[in-house]
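Quick note: the sequence shown, position 75, residue 75 per the UniProt record's numbering, numbers continuous. Backbone N, C-alpha and C fix where the C-beta goes; we use that ideal spot for every residue, glycine too. The structure under discussion appears below in the form of structure tokens.
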Amino acid sequence: MHNESPPANCRLVDAIGAGPRLLPKLTSVPEGFVDNAKGRDALLSKQLNARTAVGITSEGSIILVMVAQKPSKPKNSGISLVQLADLMKKLGASAAMNLDGGSSSSLYYNGKAFYGKFDLQGNPIKRKVKSVLLVQENVRN
Numbered sequence: 001m002h003n004e005s006p007p008a009n010c011r012l013v014d015a016i017g018a019g020p021r022l023l024p025k026l027t028s029v030p031e032g033f034v035d036n037a038k039g040r041d042a043l044l045s046k047q048l049n050a051r052t053a054v055g056i057t058s059e060g061s062i063i064l065v066m067v068a069q070k071p072s073k074p075k076n077s078g079i080s081l082v083q084l085a086d087l088m089k090k091l092g093a094s095a096a097m098n099l100d101g102g103s104s105s106s107l108y109y110n111g112k113a114f115y116g117k118f119d120l121q122g123n124p125i126k127r128k129v130k131s132v133l134l135v136q137e138n139v140r141n
């Protein structure tokens, strides 16, 4: 969510690539995910789908979101990218980025896997993912 160099007293350890940026402004066109002139929309950004996002508040707290489809309505549920940006803003994010969506939307929390995409029978689509974003709380004494 940054495109400037790290501050002089900091060292970049890890980075993640995803997109488009959702906040402070949705950038699906400038980043090339959407080309309205050519009718290209690689993310099906206006369609409802399972989607995941990460954001940060102005205080530095991290917000992780996965919006799943409804098992009873897999074709007509989920969230669009504009709606996802609005949701992240309502949750307090000042900056946010779209992660992978569709059948790649999943979340593992407290020993349980949550899947975002469902087949027509309402069963979760369980797909191996090649990369993950791990968030771990540092416990300070």
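Exposed unless 16 or more other CB atoms sit within 10 angstroms - verdict on residue i
i, result
"residue 13", "exposed"
"residue 108", "exposed"
"residue 110", "exposed"
"residue 69", "buried"
"residue 91", "exposed"
"residue 135", "exposed"
"residue 138", "exposed"
"residue 122", "exposed"
"residue 73", "exposed"
Backbone secondary structure at residue i - three-state DSSP
i, result
"residue 128", "coil"
"residue 87", "helix"
"residue 37", "helix"
"residue 81", "helix"
"residue 106", "strand"
"residue 145", "Limits of the chain in this structure are 1 at one end and 141 at the other, which puts residue 145 out of reach."
"residue 56", "strand"
"residue 73", "strand"
"residue 1", "Unreliable placement is indicated for residue 1, whose pLDDT of 47 sits below 50; the coordinate value is still reported in the next sentence. In the structure shown, residue 1 sits in coil (DSSP, three-state: anything other than H, G, I, E or B)."
Delimiting residues of the beta strand (DSSP E) encompassing residue i
i, result
"residue 114", "112-115"
"residue 100", "95-101"
"residue 21", "21-23"
"residue 62", "62-67"
Integer-rounded CB distance, given that residue j should sit under 8 Å from residue i
i, j, result
"residue 66", "residue 114", "7 Å"
"residue 76", "residue 48", "7 Å"
Self-check item: Three or more C-beta pairs below 8 Å linking the segment 26-34 and the segment 74-85
Solution: These segments touch.
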